[in-house]
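> As you go down the protein sequences, you meet chains A and B in turn. Residues in the first sequence are numbered consecutively from 1, following the numbering used here. Residues in the second sequence are numbered consecutively from 1, following the numbering used here. Glycine included, C-beta positions come from ideal geometry on N, C-alpha and C. All figures in this text were calculated on a predicted structure; none of them were measured in a lab.
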Amino acid sequence: MTGDAAAEAVTCTGLAYAFGGTKAVDGLDLTVREGEVFGLLGPNGAGKTTAIRCITTLLPVPPGMVGVFGHDAARDRMAVRRLLGYVPQQLSADAGLTGRENVDLFARVFDVPRRERAERVAQALAAVDLADAADRLASTYSGGMVRRLELAQALVSAPRLLILDEPTIGLDPIARTSVWEHIEAVRAATGMTVLVTTHYMDEADHYCDRVGLMHRGRVRALGTPVELRRGLGERRRAEGTADADTLPTLEDVFRDVAGSGLDDESGDFRDVRSTRRTAHRVG
Amino acid sequence: MSEAPAAPRTASADRARLEGIGLLVRPPQPRAGRRVLPARVAAMCAVELQKLRHDRTELYTRAVQPALWLLIFGQTFTRIKAIPTDGIPYIDYLAPGIIAQSAMFIAIFYGIQIIWERDAGVLNKLLVTPTPRSALITGKAFAAGVKSLVQAVVVIVIAALLGVALTWNPLKLLGVAVVVVLGSAFFSCLSMTIAGIVLSRDRLMGIGQAITMPLFFGSNALYPVSVMPGWLQAVSKVNPLSHQVDALRGLLLGTPADLPADFAVLAVAAALGIAAASSLLGRLAR
């Protein structure tokens with residue numbers, strides 16, 4: 001291990017998790033540095049969501065595999081949860097409550113004292129541009145608004161680590177940009193660490209400080225998007241398979257490390273179903 | 001170099017606007033251990049009441065069934081006089097049973113609700129907050145109680161309009177509220193426990209249907225235990241619904257009831273239910 005533990009937001013050491021006989025995560029080694037936006041990339045079924053659910057303590061892992069700011073996810077779950085803001089893949093705001101009530105619930109379960117609760121909730125809603133829509137039912141929100149509301153729910157407890165699982169899935173391009181801009185702005189203002197999964201390579205290229213390319217339960221390549229793309233570009237030039245001017249995209253890097261077999265086993269049935277459900281709710 | 005972004009970035013503008021977020025950089029102070037549970041229970045109940053306030057349809061539609069039981073079944077059987085009720089009119093005898101029944105029907109729905117919340121991601125998000133599983137379940141259990149209380153008020157009002165002689169003693173009504181909440185807590189936990197075992201809505205719906213009717217007809221809600229065959233009397237004695245009805249009847253009508261035993265059974269059943277459902281809750285998130 002390099003560096004002091006305090007500078008590491010997340011450490012995964014040989015993280016493995018199997019559903020029955022299916023190894024969803026199979027020896028994942030990963031370090032997310034404090035203050036960076038780290039993107040975990042890969043197609044459906046690569047093990048991203050399972051890895052996230054191990055880090056968020058939703059799935060039980062043995063001690064020593066996952067650490068969050070020095071707290072072990074197996075031994076010290078409550079301490080880990082206190083540091084996290086989590087936005088799951090599904091659009092998970094409660095449609096029967098207003099935006100403000102949705103955020104207020106999360107202020108309550110993170111023990112925000114009553115005297116500052118209303119103000120804190122208002123600030124979280126303002127930070128994601130939902131101040132005007134705050135007292136409408138979440139069922140009247142568009143997909144992009146629900147995502148921003150979930151961001152507010154995660155932010156109200158001032159987490160040190162914000163975990164977003166496919167934050168832009170099923171959103172239109174403008175809503176996607178808007179969600180990312182809010183993530184960036186909040187990160188700039190608060191200095192929190194962001195761990196995000198996505199299968200949109202262009203988003204990762206654009207918004208992540210570092211990325212890990214995940215395939216079949218493991219990280220196959222790790223670095224800044226530019227590093228990874230330059231690395232492949234130089235190798236291809238050395239091999240004489242590419243000209244000097246064009247830099248490969250992150251997707252090229254991914255195809256390179258994953259090799260063949262990218263298309264045959266992407267996503268189990270449950271993934272596809274939940275993605276469809278999300279797409280349906282987004283409408 | 002990189003692909004053009006979908007829209008120009010305005011991070012600096014955002015930063016300027018984000019100046020009023022001073023509170024969002026300071027994590028809240030955690031509550032002391034023993035104060036976590038009441039705070040979480042209060043939060044869950046608040047959510048339940050907020051939802052009821054926004055959409056009262058459920059309240060109205062759920063009032064239809066108990067109203068029909070009292071109006072049709074109750075009125076008819078009052079005329080038949082087939083059921084021995086120690087001299088009180090049958091509709092009076094029936095009213096507490098219907099309060100317990102409607103509370104149970106609401107509570108038994110909670111397992112389906114928690115599976116729905118799992119599918120929607122709401123549950124996972126709550127499980128990633130510093131909330132012990134038991135606090136989450138207790139919160140849900142009390143929320144079921146709050147909903148049932150609203151329902152109980154509706155039934156009591158209908159019963160009063162039908163001329164049932166109920167008590168208006170506030171202490172006894174408080175006792176009624178406690179009994180309704182404890183009963184709902186048990187049945188909602190029973191439902192959430194089954195949810196933690198079967199993990200799917202379809203299976204839970206089948207099992208829910210299969211257990212509610214025996215629980216209802218195997219209790220003293222519609223008729224006294226003494227008219228049942230011996231084996232069913234034994235079932236009825238351990239059926240928490242019977243104890244709930246017994247207590248409600250004793251409090252609302254003043255019929256002879258073993259109140260300490262009833263309260264004890266309901267409290268123990270609720271505690272066991274909370275323990276069982278909490279220990280299985282993690283399975284739903286996997």
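Once you ignore the five residues that flank residue 14(A) on each side, which residues in its own chain have a CB closer than 8 Å to its CB?
27, 28, 29, 65
> Which residues share a DSSP beta bridge with residue 22(A)?
19(A)
> Applying a beta-carbon distance threshold of less than 7 Å, which residues of chain B neighbour residue 126(A)?
20
> So if DSSP puts residue 105(B) in a beta bridge, which residue, or which two residues, is it bridged to?
Its beta-bridge partners do not exist; DSSP assigns none.
> What separation, rounded to the nearest whole angstrom, lies between the Cα atoms of residue 83(A) and residue 160(A)?
5 Å
> Helix, strand or coil for residue 247(A), going by three-state DSSP, please let me know.
coil
> Which runs of the alpha helix (DSSP H), 4 residues or longer, sit entirely within the segment 48 to 79 of chain B?
57 to 68
> For residue 171(B), count neighbouring Cβ atoms within 10 angstroms of its own Cβ and tell me buried if that reaches 16, exposed if not.
exposed
> Using CA coordinates, which residue listed in 117(B), 279(B), 156(B), 69(B) is at the minimum distance from residue 135(B)?
279(B)
> Quick check: the Cα distance between residue 270(B) and residue 76(B), rounded to an integer number of angstroms?
If I take the Cα positions, the gap works out to 35 Å.
> Please list the partners that residue 285(B) has in chain A, where partner means a Cβ-to-Cβ separation under 9 Å.
Per Cβ cutoff of 9 Å: 53, 58, 59.
> So for residue 44(B), helix, strand or coil by DSSP?
Correct three-state label for residue 44(B): helix.
> For chain A, find out if any of its Cβ atoms is closer than 8 Å to the Cβ of residue 23(B); answer yes or no.
Look at residue 23(B): its C-beta is under 8 Å from a C-beta on chain A.
> Give me the residue from 83(B), 91(B), 228(B) with the minimum Cα distance to residue 67(B).
Residue 67(B) has its Cα closest to that of 91(B), out of 83(B), 91(B), 228(B).
> How is the alpha helix (DSSP H) around residue 107(A) delimited, first residue to last?
Note, residue 107(A): alpha helix (DSSP H), 99 to 109.
> Report the three-state DSSP secondary structure of residue 201(A) (helix, strand or coil).
helix
> Does the beta-carbon distance from residue 46(A) to residue 215(A) come in below 8 Å?
Residue 46(A) is a Cβ neighbour of residue 215(A), given a cutoff of 8 Å.
> Are the C-beta atoms of residue 243(B) and some chain A residue less than 8 Å apart?
no
> Residues of chain A with CB under 8 Å from residue 121(B), in chain order?
88, 89, 90, 91, 92
> Roughly how many angstroms separate the alpha carbons of residue 142(B) and residue 152(A), rounded to a whole number?
27 Å
> Below 7 Å CB to CB, which residues in the same chain sit around residue 48(B) once its five sequence neighbours on both sides are set aside?
143, 146, 147
> Quick check on residue 31(A): does DSSP put it in helix, strand or coil?
Secondary structure at residue 31(A): strand, using DSSP grouped into helix, strand and coil.
> Report the option in 182(A), 31(A), 223(A) whose CA atom is closest to the CA atom of residue 155(A).
182(A)
> Listing by chain order, which chain A residues have their CB less than 7 Å from the CB of residue 125(B)?
86, 88, 92
> For the segment 65 to 79 of chain A, which residues have a CB atom closer than 8 Å to at least one CB atom of chain D, in sequence order?
Considering every chain present, this structure includes no chain D. Its protein chains are A and B.
> Whose C-alpha, out of 107(B), 283(B), 98(B), is nearest the C-alpha of residue 217(B)?
Considering only alpha carbons, the answer is 98(B).
> Looking at the C-beta of residue 131(B), does it have a partner C-beta in chain A at a distance below 8 Å?
Closer than 8 Å to some Cβ of chain A, the Cβ of residue 131(B) qualifies, so yes.
> Using only the alpha-carbon positions, how far apart do residue 237(A) and residue 229(A) sit?
12 Å
> Closest Cβ-Cβ distance between residue 51(B) and chain A: below 8 Å?
yes
> If we define contact as Cβ-Cβ less than 8 Å, is residue 221(A) a contact residue for chain B?
no
> Can you give the Cα-Cα distance for residue 33(B) and residue 187(A), rounded to whole angstroms?
31 Å
> Which runs of the beta strand (DSSP E) spanning at least 3 residues fall entirely within the segment 164 to 201 of chain A, listed in chain order?
193 to 198
> Could you tell me the alpha carbon to alpha carbon distance between residue 267(B) and residue 44(B), rounded to whole angstroms?
Counting only the Cα atoms, residue 44(B) lies some 20 Å from residue 267(B).
> Check the C-beta distance from residue 221(B) over to residue 252(B) and give it rounded, since I have them as a contact under 8 Å.
Contact flag wrong, Cβ pair sits at about 13 Å.
> Mind listing, in chain order, the continuous beta strand (DSSP E) runs of no fewer than 3 residues lying wholly within the segment 201 to 266 of chain B?
none
> Contact check, residue 111(B) vs residue 208(B) under 8 Å by CB: the rounded distance?
7 Å
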